[in-house]
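Those sequence lines, one after another, are chains R and A. For my numbering, add 218 to where a residue sits in the first sequence, where the first one is 1. For my numbering, add 218 to where a residue sits in the second sequence, where the first one is 1. Structure, as structure tokens:
2 protein chains.
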Amino acid sequence: MHMFTVTLNKTGGMPLYEQLYQYIKEEITRGRFSPGEKLPSKRKLAAHLKISQNTIETAYAQLQAEGYIRSLPKQGFFVEEIAKNLPLRSSPKTSSLPSEYSLEKPYSKKWQYDFKTNIVNTENFPFDTWSKIVRSVLAEKREKLLHPLPFLGDLQLRGEIARYLYAYRDIQTTPEQIMVGAGSEYLLSLVIQFFGADCPFAIENPGYDKIQRIFQNHHLPIDYINTTQESLDIKRLSRSTAKVLHITPSHHFPLGCVMPIQIRRQALNWANEKDDRYIIEDDYDSEFRFAGKPIPALASLDQNEKVIYLNTFTKSLAPSLRISYLVLPRHLMEQFSDRFSGYASTVPGFEQATLAAFMARGHFERHINRMKRIYKEQRDMFIQTVNKHPLAKNIAIIGQETGLHLLLQVNLNLSEKELVTIARQKDIHITDLSSYYHEDSTDMPTNTIVLGYSGLSLDEIRQGINLLLDSWQQAIGK
Amino acid sequence: MHMFTVTLNKTGGMPLYEQLYQYIKEEITRGRFSPGEKLPSKRKLAAHLKISQNTIETAYAQLQAEGYIRSLPKQGFFVEEIAKNLPLRSSPKTSSLPSEYSLEKPYSKKWQYDFKTNIVNTENFPFDTWSKIVRSVLAEKREKLLHPLPFLGDLQLRGEIARYLYAYRDIQTTPEQIMVGAGSEYLLSLVIQFFGADCPFAIENPGYDKIQRIFQNHHLPIDYINTTQESLDIKRLSRSTAKVLHITPSHHFPLGCVMPIQIRRQALNWANEKDDRYIIEDDYDSEFRFAGKPIPALASLDQNEKVIYLNTFTKSLAPSLRISYLVLPRHLMEQFSDRFSGYASTVPGFEQATLAAFMARGHFERHINRMKRIYKEQRDMFIQTVNKHPLAKNIAIIGQETGLHLLLQVNLNLSEKELVTIARQKDIHITDLSSYYHEDSTDMPTNTIVLGYSGLSLDEIRQGINLLLDSWQQAIGK
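So this is what it looks like as structure tokens:
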């Protein structure tokens with residue numbers, strides 16, 4: 219038996235049992251108490267250290283729970299054999315931790331004029347209405363908000379989404395086919411997992427870089443299908459082994475175009491040719507069409523349960539709300555639900571109930587209409603400013619009817635890289651269209667710039683566009 | 219030129235332009251207007267139909283936007299060639315849609331006594347305090363809540379989590395290493411994607427079925443490592459090709475045991491042997507330990523940046539809040555952040571700000587302490603009821619020190635299946651331990667039942683356990 223002496227601080231903050239526990243743990247860890255060695259009995263140690271047996275019992279129990287000592291009936295407590303710590307590896311980690319801001323790249327640089335795409339104008343969000351609904355939902359539903367939700371999401375919210383899709387996107391569906399989730403990235407990830415590791419996917423080239431990354435992160439075979447303002451390379455699609463095609467028919471990103479009915483039909487026909495072919499329709503900012511009525515969703519033409527429809531409230535309400543949804547073909551629901559059964563709904567019940575009430579009371583529709591007016595003013599200011607500029611005749615504006623970005627085709631004998639570099643020198647952020655191409659395509663443009671305007675005020679748009687066009691004008695010496 | 223006559227309803231609800239658009243679209247779709255055919259000029263059609271040229275212009279513009287017709291400068295509008303609809307496939311979908319409740323299996327059956335695991339008691343959630351913080355966060359932060367969040371989550375919340383981990387789990391970390399996400403399933407999925415498609419993973423056998431399903435859904439090679447109350451088969455682990463090991467050291471699910479220090483050391487040593495080996499520590503209900511102080515996390519022993527720590531507020535607060543977090547080793551942060559850069563934070567900004575304030579004001583700590591008392595009362599009632607029953611001497615209770623479930627080893631010459639079936643006849647839901655085993659193991663028990671008690675009141679626990687034990691007693695004819 220190994221009696222020992224430890225000086226306990228009887229006036230300090232740490233309980234006596236914890237001091238004793240820490241001391242013995244340290245001794246065992248450092249090998250000063252050997253494996254198999256017997257510890258003093260509680261009675262003897264208590265007498266020796268002049269503390270109560272209870273204190274020792276608590277310390278021994280904790281050591282036993284963590285596996286440092288073992289109790290043998292009628293024999294006492296014994297030190298356990300503890301695996302030695304292996305030495306650190308020969309090349310210890312440098313642990314250079316990038317700073318918060320270098321980790322969060324999208325937030326790293328503040329530009330004077332940031333024409334990046336996919337900024338959502340949140341200044342006009344009906345915050346007071348939303349807050350009022352939050353308070354009333356809290357007061358009415360109370361503890362019910364804490365209960366686990368169905369995997370597919372709050373049933374009332376799914377009902378509101380079904381009504382919205384019928385009224386605005388010509389889609390007939392039921393709440394049972396709708397799944398609510400924490401963002402399109404999450405939902406797309408589930409769809410990818412659903413079709414499996416060996417399923418070849420096809421995506422548009424050019425396309426949204428984030429979509430490419432999601433597919434790449436799942437380590438799947440990807441075919442890139444060339445896309446232009448007017449077409450999608452259906453022949454290449456048919457030659458490829460792809461089974462599932464991801465497209466943005468209502469508003470192509472980045473090309474800004476609407477997919478014509480011919481191509482929609484061809485894409486659906488491609489899917490109809492084989493049982494295991496499907497189309498993922500990403501309808502990300504279809505709400506904001508400035509001329510005429512909304513273009514019906516591809517899903518509304520689908521008579522054969524071939525289209526998986528994906529949309530988000532991130533663009534139409536606010537990025538930080540993080541609510542997206544999927545509409546799944548009826549015949550896939552059971553298999554989909556089986557595969558992910560046991561998964562929890564990823565959107566807090568509280569947010570789902572608030573959004574359901576917001577929609578039911580007509581606020582979502584009002585907000586969309588209001589934002590359409592505001593975004594249209596921004597777009598009009600953008601177009602007017604370009605058209606009034608001396609360079610106007612050298613610049614074609616593309617994709618102005620829908621969504622929150624457009625393209626400038628700039629005929630000034632400047633390359634895309636030059637156009638971007640000149641802008642950067644004036645602290646203006648714009649993006650060259652080529653950078654959205656995954657692989658070279660004969661259709662690839664050489665002088666086209668992608669600009670979003672939704673994050674800027676009317677004055678900023680006017681000043682920013684004038685500064686941009688002036689800087690190009692200077693560069694060509696006119 | 220193809221002049222046509224259409225009867226427009228000038229008093230009805232649908233705008234004239236939309237009636238005209240629908241009519242022409244239908245004619246083109248059905249092939250009654252042929253590809254290449256010229257449409258009447260706006261002027262002529264307006265005179266013919268006695269409506270304004272504006273109406274016709276709007277209808278033509280919409281048809282053009284959707285690709286049904288094409289405008290040729292100075293020539294007019296022409297019908298486009300539209301791909302024919304392929305016939306429906308020979309075997310049209312039956313479209314039998316499962317009902318809401320059959321899709322949502324966990325919610326399908328209401329038991330009289332449901333001893334399922336992983337129910338969270340939400341009755342004692344401090345709802346009024348939470349509501350008060352929600353209201354004050356809304357009032358103070360307002361529109362700021364709508365802004366996009368850093369990918370890793372709200373910085374203040376990550377600071378609170380770092381403080382909590384230091385105080386309660388002995389883990390020293392920084393907010394820069396913490397990522398907040400919409401549930402452990404989502405975060406684990408990111409970790410799996412991070413290590414890649416060819417990375418072999420090892421998980422515990424038996425284990426939590428949901429964890430197995432997440433790995434299976436990513437279509438990855440998985441090794442199942444046998445686990446018992448006292449050990450993890452490190453030899454098998456070393457023989458396997460596994461690079462990343464997922465374990466639940468603080469409270470094994472379903473075995474209910476704490477991983478002893480020897481095995482923790484061995485697991486860390488296994489990881490330290492090679493540069494690309496890591497351990498995912500799932501610390502899912504470590505908050506609820508009823509005897510002594512909390513067992514320090516495995517991550518607190520890690521001196522070599524080998525442990526990826528995962529925990530959730532789902533168990534400690536409420537399932538519908540859906541907030542979990544990861545602590546990543548410093549040297550992985552840059553690569554991790556690169557891979558998922560551009561992804562958005564999956565938890566609404568509003569929930570993150572509320573939880574941060576809830577923690578900062580000490581409510582989380584108070585709530586945990588309160589729930590520990592309540593769960594302990596439930597557990598004590600469970601144990602007392604078993605011990606008072608005539609069958610007590612035939613039943614061993616396992617795993618009672620930690621967490622919200624425990625095991626009964628039932629020595630009555632009844633198989634696990636029989637034990638479960640007898641319970642089912644009395645409308646009592648219990649689970650046999652064998653069902654958590656992925657593959658047979660020589661360590662597999664033959665007579666052990668897993669029971670959660672957190673969803674039941676004290677009375678229900680007493681009545682349910684007595685009914686359960688009575689029914690077994692009857693079955694063996696005692």
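We treat Cβ as the ideally placed atom computed from N, Cα and C, and that holds for glycine. Just so it is clear, the structure is predicted and the values come from calculations on it, not from any experiment.
Query	Result
Which chain R residues are close to ILE513(A), counting only those with a beta carbon under 7 Å from its beta carbon?	ALA283 and GLU284
Could you give the C-beta distance for LEU528(R) and ASP501(R), rounded to a whole number, given that I count them as a contact under 8 Å?	7 Å
At a Cβ cut of 8 Å, what residues of the segment 479-508 of chain R count as close to chain A, listed as they run along the chain?	ILE479, GLN480, ILE481, ARG482, ARG483, GLN484, LEU486, ASN487, ASN490, GLU491 and ASP493
Within 8 Å, do at least three Cβ pairs link the segment 598-615 of chain A to the segment 627-641 of chain A?	yes
If you pair each beta-carbon of the segment 371-382 of chain R with each one of the segment 562-576 of chain R, do three or more pairs fall below 8 Å?	yes
At what residues does the beta strand (DSSP E) containing ALA536(A) begin and finish?	ALA536(A) -> no beta strand (DSSP E), and no H or E assigned at all.
Establish whether the CB of SER349(R) and some CB of chain A are separated by less than 7 Å.	yes
Name the chain A residues whose beta carbon is nearer than 9 Å to that of GLU275(R)?	By Cβ distance, chain A contributes nothing, its closest Cβ being about 10 Å from GLU275(R), past 9 Å.
Expressed to the nearest angstrom, what Euclidean distance is found between the alpha-carbon atoms of LEU546(R) and ASP388(A)?	45 Å
How should GLU583(A) be labelled, buried or exposed, when 16 other C-beta atoms within 10 angstroms of its C-beta is the threshold for buried?	exposed
Counting only beta-carbon atoms, is PHE413(R) nearer than 7 Å to chain A?	no
What residues of chain R sit near ALA407(A), judged by a beta carbon separation below 7 Å?	One detail in the question is off: residue 407(A) reads as Ser in this sequence, not Ala. The contacting residues are SER407.
List, in order along the chain, the chain R residues whose C-beta lies closer than 7 Å to that of TYR561(A)?	GLU403
Is it buried or exposed, ALA509(A), if we count other Cβ atoms within 10 angstroms and call 16 or more buried?	exposed
Is there a Cβ of chain R sitting closer than 7 Å to that of LYS362(A), yes or no?	no
Per DSSP, what kind of secondary structure is GLY560(R) in: helix, strand or coil?	coil
Which runs of the beta strand (DSSP E) at least 3 residues long sit entirely within the segment 579-665 of chain A? Give them in chain order.	613-616 and 623-628
Which residues, taken in chain order from the segment 532-552 of chain A, show a beta carbon closer than 9 Å to some beta carbon of chain R?	THR532, LEU535, ALA536, PRO537, SER538, LEU539, ARG540, ILE541, PRO547, ARG548, HIS549, MET551 and GLU552
Tell me whether MET577(A) is buried or exposed, calling it buried when 16 or more other Cβ atoms sit within 10 Å of its Cβ.	buried
Do you know how far the Cα of ASP451(A) is from the Cα of PRO478(A)?	13 Å
Evaluate the contact criterion for the segment 505-519 of chain R versus the segment 395-412 of chain R: three or more CB pairs, one atom per stretch, below 8 Å.	no
Hey, which unbroken runs of the alpha helix (DSSP H) at 4 residues or more fall wholly within the segment 341-381 of chain A?	345-359
Within 7 Å (strictly less), CB to CB, does GLY231(R) reach chain A?	no
How would you list, in chain order, the residues of chain A whose beta-carbon sits under 7 Å from the beta-carbon of LEU367(R)?	SER538
With DSSP run on the structure shown, which of helix, strand or coil describes ASN336(A)?	coil
Quick check on ASN435(R): does DSSP put it in helix, strand or coil?	helix
Pick out the complete alpha helix (DSSP H) segments inside the segment 243-273 of chain R, 4 residues or longer, and give them in chain order.	260-267
Measuring alpha carbon to alpha carbon, tell me which residue in THR273(R), LEU238(R), VAL338(R) and LEU290(R) is nearest SER538(R).	VAL338(R)
How should THR564(R) be labelled, buried or exposed, when 16 other C-beta atoms within 10 angstroms of its C-beta is the threshold for buried?	buried
Helix, strand or coil, according to DSSP, for SER689(R) in the structure here?	helix
CB-CB under 6 Å to LEU238(A), same chain, minus the five flanking residues each way: which ones, in chain order?	ALA277
Per DSSP, CYS397(R) is paired with what?	The sequence shown places Met at residue 397(R), not Cys. LEU544(R), per the DSSP bridge assignment.
In or out: TYR384(R) buried (at least 16 other Cβ within 10 Å) or exposed?	exposed
I believe ALA485(A) touches PHE343(A) by the beta-carbon criterion, under 8 Å. Please report the beta-carbon distance rounded to the nearest angstrom.	With 8 Å as the limit, ALA485(A) and PHE343(A) do not qualify as a contact, their Cβ atoms being about 35 Å apart.
If the cut is a Cβ gap below 7 Å, which residues of chain A does PRO566(R) touch?	SER538, LEU539, ARG540, PRO566 and GLU569
Would you tell me roughly how many angstroms separate the C-alpha atoms of PRO439(R) and LEU455(R), rounded to the nearest one?	14 Å
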